[in-house]
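Trainee: Would you mind keeping the following structure in view while I ask a few things?
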Amino acid sequence: MVNNPTIQSSLRLRAVVAGTGSSVPAKVMTNEDFMKIVDTSDEWIVTRTGIRERHIAGPQDTTATLAAQAARNALERAGMKPEEIELIIVATVTPEMVFPSTACFVQAMLGASNAWAFDLNAACSGFVYSLSIAQQFLSSGRYRTALVIGAETLSRITNYKDRSSCILFGDGAGAVVLKAVSSGPEGIMYSTSFSDGSSWEALKCQAYGSRHPVSIPLENPDMVYMDINGREVYHTAVRRIVELVNECLEKCDLQVEDIAMFIPHQMNARIIESVGKRLRFADEKIFINIDKYGNTSAASIPIALDECCRTGKVKSGDIVLLVAFGGGLTWGANVIQM
Ligand code: UT7
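Residues in the sequence shown are numbered consecutively from 141, following our numbering.
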């Protein structure tokens with residue numbers, strides 16, 4: 141299946157997906173709910189973004205509680221105990237607190253006492269970046285198991301007075317258990333990652349950090365919230381995602397038809413559809429669930445992958461293509477045989 145010799149030789153050990161899981165808060169916020177707080181309409185939101193509702197964290201939910209529940213579900217599906225996990229990576233831009241890391245909280249909540257744990261911040265690309273790092277550790281033989289989680293409580297940094305951004309975001313977590321094996325499916329076949337820090341202003345949440353510490357009054361109080369240049373992101377995302385898919389297909393010697401499911405970051409249904417059309421993916425092979433969850437940043441791809449696995453849209457042996465684009469700017473992809 142993988143004809144590229146450089147890829148084959150790097151796969152002495154394979155990083156395979158042993159289980160997936162997800163968790164979203166119970167509270168749902170619909171487009172009608174937004175019509176009560178900003179000047180918008182269900183028609184505008186659905187036409188421009190594809191979003192109908194999103195899950196919003198309640199007072200008891202935090203990024204770590206959502207991440208830990210997604211992880212428990214993934215471990216159960218993998219038939220594994222938390223003590224068997226050797227590495228935990230949590231991708232997030234809404235950490236539990238400045239420090240310790242969200243991953244350390246998740247480790248404690250799970251009782252994954254044999255793991256080392258750290259967070260990774262690559263905004264919406266955090267999960268694909270994290271899979272690529274875990275792949276290196278597993279395929280080199282350094283670790284045998286890893287838990288890779290994307291988790292966000294974006295509602296905590298959303299400006300509910302800004303109609304152009306607040307309607308986009310939701311909360312949730314998705315997780316994948318990876319195992320190093322020497323036979324069976326290929327697992328993670330290829331990963332690629334990029335960033336462009338010179339375009340950092342397109343997507344940001346500026347306070348509080350070392351540039352804008354809590355001790356100095358903010359020049360604009362809205363700097364505590366996410367701020368996006370939607371149009372700029374939209375056009376760059378389409379271009380970069382097309383490039384990523386073409387790179388993945390070429391490096392893995394695959395055709396579009398070989399991909400069982402294209403699972404992009406759920407940023408905007410129009411972006412996904414326009415990319416899918418350019419790349420000639422059949423409609424049924426483009427996965428979209430943004431209508432139910434909105435944009436959950438690092439959590440969106442693992443939530444989508446879990447839904448694909450649970451509903452039988454993706455089966456054992458299928459090849460899936462995960463593609464992300466987000467703040468940084470960052471972008472990246474993974475090709476995985478499940
Ligand atoms: O995952 C990474 C983070 N995600 C993103 O950065 C999102 C990427 N960008 C997008 O998804 C789209 O650019 C948006 C959905 C954010 C905006 O869609 P758009 O088609 O690019 O709209 P626009 O920004 O060009 O705005 C068109 C009009 C404007 O009014 P005027 O200037 O034409 O009179 C906006 O003020 O729509 C107005 N508008 C709204 N109207 C009703 C903006 N937000 C709303 C709203 N309801 N919620």
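By construction, the Cβ of each residue, glycine as well, lies at the ideal position given by its N, Cα and C atoms.
Output the distance between the C-alpha atoms of A313 and E390, rounded to the nearest integer angstrom.
Mentor: 31 Å
Trainee: Is G466 near ligand 1 - that is, is its Cβ less than 6 Å away from at least one heavy atom of it?
Mentor: yes
Trainee: Rounded C-beta distance between M220 and V317? I'm assuming under 8 Å.
Mentor: 6 Å
Trainee: Using 8 Å for Cβ pairs, my map puts R420 next to G190. What's the rounded Cβ distance?
Mentor: Not quite, the Cβ-Cβ distance comes to about 20 Å (not below 8 Å), so this is no contact.
Trainee: At a cut-off of 6 Å, is C448 close to ligand 1 when judged by its beta-carbon and the heavy atoms of the ligand?
Mentor: no
Trainee: Going by alpha carbons, who is nearest to A286 out of W256, K453 and D393?
Mentor: For A286, the nearest C-alpha among the options comes from W256.
Trainee: Does at least one heavy atom of ligand 1 sit under 6 Å from the Cβ of R188?
Mentor: yes
Trainee: Taking 7 Å as the threshold (C-beta atoms), are I399 and I459 in contact?
Mentor: yes
Trainee: May I ask you to check if the CB of M407 is nearer than 6 Å to at least one heavy atom of ligand 1?
Mentor: M407: yes, Cβ under 6 Å from ligand 1.
Trainee: Thinking just about the alpha-carbon of each residue, which of E193, V238, E226 and N408 is nearest to the one in T203?
Mentor: V238
Trainee: Alpha carbon to alpha carbon, what distance is there between F309 and T234?
Mentor: 12 Å
Trainee: Out of T170, K167 and Q477, state which residue places its alpha-carbon closest to the alpha-carbon of G324.
Mentor: Q477
Trainee: Could you say which of V178, P165, I443 and F427 lies nearest to Y300 if we only look at CA atoms?
Mentor: V178
Trainee: Considering only the alpha carbon of each residue, which of Q406, I229 and V246 lies closest to D128?
Mentor: This structure cannot settle anything about residue 128, because the visible part of the chain is limited to 141 through 478.
Trainee: Which ranges does the beta strand (DSSP E) cover as unbroken runs of at least 3 residues, wholly within the region 187-224, from first to last along the chain?
Mentor: 193-195
Trainee: Which residue's Cα is closest to the Cα of G467: S270, A262, I328 and S333?
Mentor: A262
Trainee: V382 and V415 - do their beta-carbons sit closer together than 7 Å?
Mentor: Yes, the Cβ-Cβ distance between V415 and V382 is below 7 Å.
Trainee: Looking at V475 and M401, is the spacing between their C-beta atoms short of 7 Å?
Mentor: The answer is no: Cβ separation not under 7 Å.
Trainee: Please name the residue, chosen from T180, V321 and A377, that lies closest to E413 on a Cα-to-Cα basis.
Mentor: A377
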